[in-house]
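This report refers to the structure that appears directly beneath it.
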Amino acid sequence: MAQDETESTLELPECPVCLQQYGAVSTVPRVLACGHSSCEDCLAQLQNPFPGTIRCPACTQLVKLPNPISSLPKNIDLLRFNTSKGSKNHVSTPKNDKDQLFIKPLLWSHEFYSTWRTWVLPGASIIIESNGSGDDSYGFCSVCYGKVLKVSNSVSSMGCVLKENEKVSLLEIGYFADLNKGFSSPSKFENSYEVKVMSVLYGLSEGEKNELESIIKASLALHVMCKVYGFWYNMDKRCVYMVSETFSGSLLGKMGVLRNAVLEKNAEENIGNAAEFVIVCLDICQTVNDLHLRGLVTGCLGLSCFGFDKFGRVYVDISEVMATGRRVRKTLTEVVVGKSGTAGEDLVVRLKNNIVEDFVFVSPEVFFELSKLDGIVIDSGSSRHHVGYGSDIWSLACAIISLLVGKAFTEEMQNYLSYLVTAVRDEKGLDFVRWYVEWRQKIRTLIECRLGSEFTNMKEILLTCLEYDPENRPLVSQMWKILRALVIKSELDEVKDLKQEIRMENMCSCLILGDFCQSINKVTKQSPRYTDDTSTVENVNGEEADGVGNFAADKDVVEGLSCGQVKCIDLKGHLNCITGLAVGGGFLFSSSFDKMVNVWSLQDYSHVHSFKGHEQRVMAVAFVDYGEPLCISGDNGSAICIWRASNPLSPEPLKKLQEQQDWRYSGIHALAVSGSQYLYTGSGDKSIKSWSLQDYSLSCTMNGHKSVVSSLAICDEVLYSGSWDGTVRLWCLSDHSPLAVLGEGPGSVCSVFCLAVDENVLVAAHENGLMKIWFDDILVKSAQEHDGAIFSACKKEKWIFTGGWDKAIKVKELSRDGDQIDAVPIGSITCDSVVTSLLYWQGKLFVGQADGVIKVYYSAVR
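Position 294 of the sequence shown, counting from 1, maps to 294 under UniProt numbering, and the rest follow consecutively.
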C-alpha cells in the first residue's frame with residue numbers, strides 16, 4: 001500500500017518549457033543533440049536566431065536543429081513511462097517565459113536602480129557659471145546656476161528635454177565620499193560617474209527620497225513650476241546636484257516696479273497701473289494653489305521663490321524653495337538653540353540678514369514645529385496648531401503685503417521674528433498670542449494707509465490670511481477670486497474659479513519640516529555604506545610579505561573595490577609584456593613576450609618555476625587536467641609546448657608540436673581546451689586547429705575567418721572564435737561544424753581582440769575600444785568603453801572586466817530589466833601600464849601588464 005502511494009505521488013516527466021506532461025499527440029518528447037528532451041511544439045516556437053540551430057531550454061547549449069523537427073528521435077523511455085502511469089494529454093496552456101537572467105546588484109537593489117537611473121545626467125552636460133549668493137554660497141543653503149553644454153538623448157525619456165546653452169539651477173543633494181584616500185598611486189580604483197550619483201541618491205533617507213519623488217512628479221505635471229531635469233555630479237566639488245529649469249526674471253528684482261504700480265490715493269486715475277500688480281498676485285496664488293493640489297506645502301515662502309518665465313508669467317522655482325527652507329531652518333536653529341548668552345543685538349542682526357532682508361515669511365505654527373525638531377517644546381496653547389495649507393496662505397499674504405507696503409512692513413517682520421525667537425528662548429510662549437494680535441493690528445494700519453477704500457475686499461482677505469489659527473485662514477482660491485474681481489468684472493465670475501484643495505492636512509507634505517531641509521552639515525552627507533579612511537592597498541613585489549602567506553579572500557574583489565577596501569600584490573618576474581594568464585593545479589601560469597612561462601604559487605604568490613623552451617614570443621597559455629595536470633603554451637613561431645603542471649615541474653616540455661607555417665601568416669594567437677580531450681589553437685593563417693590530447697595529433701582544421709583568429713573561448717559545448725575580420729564564429733564541439741556567425745554585416749570592420757563567455761552571455765572587445773554584449777546570440781548592447789584597443793576581457797557571473805591601451809580596467813555589472821540587458825559601469829582601476837591580460841578566479845582579479853608586472857587584486861573585507 002505504501003509503495004502504491006509513493007508511485008501515485010511521483011511527478012510525471014514534463015516539458016521544461018510548457019510544463020505539460022509528455023504524450024503521443026501534441027507533446028511528443030524530442031531528443032536534442034545535447035541529450036535533453038523537449039516537446040515538439042515548443043521546439044517549433046522557441047526563438048531561433050540562426051538557421052539550423054537552437055538553444056536547449058534545459059542547458060542553454062547551442063545545438064543543431066534539423067528541418068523538419070520531426071526528424072529528431074523520440075524519447076521512447078519518457079513516452080513509455082508516461083503511458084504506464086496512465087497519463088493523459090492535457091489542454092495546452094500558455095508557455096512560461098524563459099528563465100530570467102536574475103542578477104542581484106551589489107550596491108543597491110534593482111528596483112532602486114531602474115527607478116533613478118533615468119534621472120542621471122551625463123557628466124559633460126552641465127557647467128557651473130555662478131555659485132549663488134549669501135554667506136553660504138558654497139553650501140547646501142543656496143542655489144548655484146549653470147549652463148547646458150551637451151544635449152543627451154537619454155534626457156528625453158524623463159519627459160523634459162535639455163537644450164544647449166540653456167540656463168539651469170543647481171541644488172545640492174549630497175557629497176560622494178572619497179573612498180580612495182588609502183590607495184597608493186597608480187593602483188587606484190575610481191568609481192564610475194553613474195555609481196557616484198547613484199550612491200549619493202541611495203544614501204539619502206527614505207524621507208528625502210520620497211520628497212524628491214514628489215518634487216519631480218510635481219515639476220513634470222505643473223506648468224507653473226520649473227521642471228526638474230535630473231541629477232548631475234560635479235567632479236571638482238564631488239557634489240551631486242538636482243538640475244532644474246530657471247529663468248532670468250525675479251519677483252524680488254521687480255519688487256520696486258510693482259510697488260510703484262499700486263494705487264496710493266487716487267484710484268480713478270491710476271486704476272490701470274494697479275492691474276499689473278494684481279495680475280502678478282493672481283499668478284502667485286495660482287502657483288501656490290497648484291502646489292497644494294499636488295499635496296505639497298512649502299511651509300515658508302519668500303519673494304526669491306518666484307520668478308518670471310519668458311512669457312511674463314509667474315512660476316515657482318522649486319530649487320529656491322528648498323534652499324530657502326534650508327536657510328530658514330539653519331538660521332532659526334542657530335539663533336534659538338544657540339548659545340544662551342547671545343546678545344539681543346546679534347540676534348536681531350542675524351534674523352535681519354538671513355530672513356527679513358531676503359523677504360522670507362514663516363508662520364507662527366511652522367516656527368513652533370521647527371522649534372520642536374530642535375528639542376524645544378512650549379507647553380502652551382500657542383503651539384497647538386498644525387502645519388498645513390493655511391501655513392502657505394500666511395506666507396503668501398505676507399509676500400503680497402511686502403510688495404504693497406515695502407520698508408515699513410520689513411521692520412514689522414523683523415519685530416515679529418525677534419519677539420517670536422525671544423519668546424521661545426525664554427519660554428514665554430504664553431504671552432505670544434496676545435502680542436501677535438497687537439502685531440496684526442499694526443499690519444492692518446499699514447495696509448489701510450497704502451490702499452484706498454476701493455480695495456476693502458483685498459484688505460480684509462489679506463488680514464484674514466494673517467489669522468493666528470490656520471483653520472480660520474481662507475483658501476488660496478478665495479483670495480484668487482477677490483483679487484481677480486479688482487481687474488475683471490464679468491458675469492462669468494461665478495463659473496470661473498480655481499480648483500480648490502480639500503483641507504486634509506494629514507495628507508500633505510511640508511517641505512521645510514521634511515528631511516530634505518534639515519539643517520545639518522551636508523558636507524558629511526554620503527551613502528551609509530561608506531566610511532572615511534577605510535581604503536587599503538598593499539603591494540608585494542613578488543616576495544612574501546607579512547600576511548601574504550595567510551592570504552584568504554572572504555569577499556569578492558568588486559565588493560572590496562566598491563567599499564574602498566582592497567589589497568594588491570605585485571608579481572614581478574617577467575622581462576616583457578604579459579600575454580596570457582591561466583589558473584590550475586594550485587598554480588598561476590603566465591606567458592610573456594620574453595619567451596617564458598612563469599609558474600606562481602597561489603598560496604603565497606611566490607615565483608615557483610619558469611618554463612623555458614620557446615624560441616619565439618609566447619602568445620597564449622592554458623591549463624588542462626586531462627589524465628595529469630598540463631600547462632600548454634603557444635608562441636609566435638607556431639610552436640606548441642606541453643608542460644607537466646604538477647610537482648616536480650619539469651624544465652623541458654613533455655611534448656612539442658609545430659603548426660605548418662605559411663610565409664604570409666604565422667603564429668599562434670589563442671588557445672582553448674575543451675572537456676572532450678581537444679586542444680584548439682587560433683592561428684595567424686585564419687584557421688582554427690583541433691588537436692587530440694590523447695596522441696597530440698591534428699584532428700581537423702576549421703576554416704571560415706578571413707583574418708587572424710585572435711581569441712578562443714568555450715562554453716556549453718560551443719567553441720567561440722574571434723578574429724581580426726571583426727566577426728565571432730560559433731562551432732559545434734561534437735563534430736567541429738560551424739553553427740553561426742556574429743557581427744557579420746555591412747559597415748566598417750573592426751578587429752575582435754578578445755572574447756569572454758559565461759553561461760549564455762558573450763562579450764566581444766574590439767580594437768577601437770568598442771564592447772559588444774550578445775545574449776542568446778542576439779546583440780543587446782554595443783558601447784564605446786575604452787579610449788583605444790581592448791586587449792583583454794573576462795566575465796564571471798554578473799561581473800565584466802575589460803582592460804586595454806588606456807591603462808585602465810573597467811568594471812561593469814550586468815543587469816536585466818525585462819528583455820533589456822545593460823552593463824552598469826561600476827568603476828575603473830587605473831594602472832601604470834597597458835593592460836594586456838585579465839583573469840578572474842575565486843573572487844580575485846589577476847591583471848597582466850605590458851611592463852611585465854602581474855597584479856593580483858583581492859578584497860580586504862572580512
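Where a beta carbon is used, it is the ideal one built from N, C-alpha and C, also for glycine.
All values derive from a computational prediction rather than experimental measurement.
Can you look up residue i in the DSSP assignment and give me helix, strand or coil?
i: R319; result: Reading off the sequence shown, one finds Ser at residue 319, where the question assumed Arg. Residue state, collapsed to three classes: helix.
i: K196; result: helix
i: Q414; result: helix
i: A485; result: helix
i: Q45; result: helix
i: T802; result: strand
i: S477; result: helix
i: M235; result: coil
i: Q518; result: coil
i: I401; result: helix
i: F623; result: strand
i: Q661; result: coil
i: C281; result: helix
i: N289; result: helix
i: E449; result: Rather than Glu, the amino acid found at residue 449 in this sequence is Cys. Here C449 sits in helix by DSSP.
i: H669; result: strand
i: F361; result: strand
i: C305; result: helix
i: A860; result: coil
i: R644; result: strand
i: D685; result: coil
i: F189; result: strand
i: G743; result: coil
i: S371; result: helix
i: V853; result: strand
i: D392; result: helix
i: S734; result: coil
i: G35; result: coil
i: Y202; result: helix
Closer than 7 Å by C-beta to residue i: which residues in its own chain qualify, once you throw out the five before and the five after it? Chain order, please.
i: T579; result: S591, S592, F593, V618, M619, A620, T836, S837
i: C794; result: A756, F801, L838, L839, Y840
i: S707; result: K686, S723, W724, D725
i: R326; result: F140, C141, C517, S519
i: H385; result: E365, D469, P470
May I ask you to list the residues that DSSP assigns as paired with residue i?
i: N472; result: BP columns for N472 are empty, so no partner.
i: L698; result: W691
i: N598; result: S590, S610
i: A218; result: Paired residue(s): none; A218 is not in a bridge.
i: C226; result: Answer by DSSP bridge pairing: none, since C226 is not bridged.
i: M242; result: L171, F231
With a CB to CB cut of under 6 Å and the five nearest residues on each side skipped, what residues in its chain are close to residue i?
i: S674; result: I714, L733
i: Q842; result: none
i: G341; result: Low local confidence applies: a pLDDT of 46 at G341 is under 50, so the model's placement there is unreliable, and no value is given.
i: L561; result: F189
i: G86; result: Its pLDDT being 45, under 50, G86 is placed unreliably by the model, and nothing is read from it.
i: A850; result: C577, S833, V834, T836
Can you determine whether any heavy atom of the ligand ATP sits closer than 8 Å to the C-beta of residue i, and answer yes or no?
i: R440; result: In the structure shown, the ligand ATP is absent, as is every other ligand, since no ligand is present at all.
How about residue i: is its C-beta nearer than 9 Å to some C-beta of chain B?
i: G573; result: Among the chains in the structure shown there is no chain B, since it carries only a single protein chain.
Using a Cβ-Cβ cut-off of 8 Å (strictly less than) and excluding sequence neighbours within five positions of residue i, which residues of its own chain qualify?
i: I216; result: W119, V228
i: A218; result: M225, L291, R294, L296, I318
i: G585; result: F623, D625, P629, A645, S646
When you compare the region 460-476 with the region 391-401, are there three or more beta-carbon pairs, one atom per stretch, that lie closer than 8 Å? yes
Determine contact between the region 191-200 and the region 228-242, defined as no fewer than three beta-carbon pairs at a distance below 8 Å. yes
Residue ranges of each beta strand (DSSP E) within the region 747-816, 3 or longer: 752-758, 761-766, 770-775, 778-784, 790-796, 799-804
Should the region 309-324 be called in touch with the region 107-124, which here means at least 3 C-beta pairs below 8 Å? no
When you compare the region 273-289 with the region 474-487, are there three or more beta-carbon pairs, one atom per stretch, that lie closer than 8 Å? yes
Is it the case that the region 600-607 contacts the region 644-664, given that we only count it when at least three CB pairs across the two stretches are under 8 Å? no
Meets three-Cβ-pair contact criterion under 8 Å: the region 783-791 and the region 804-815: yes
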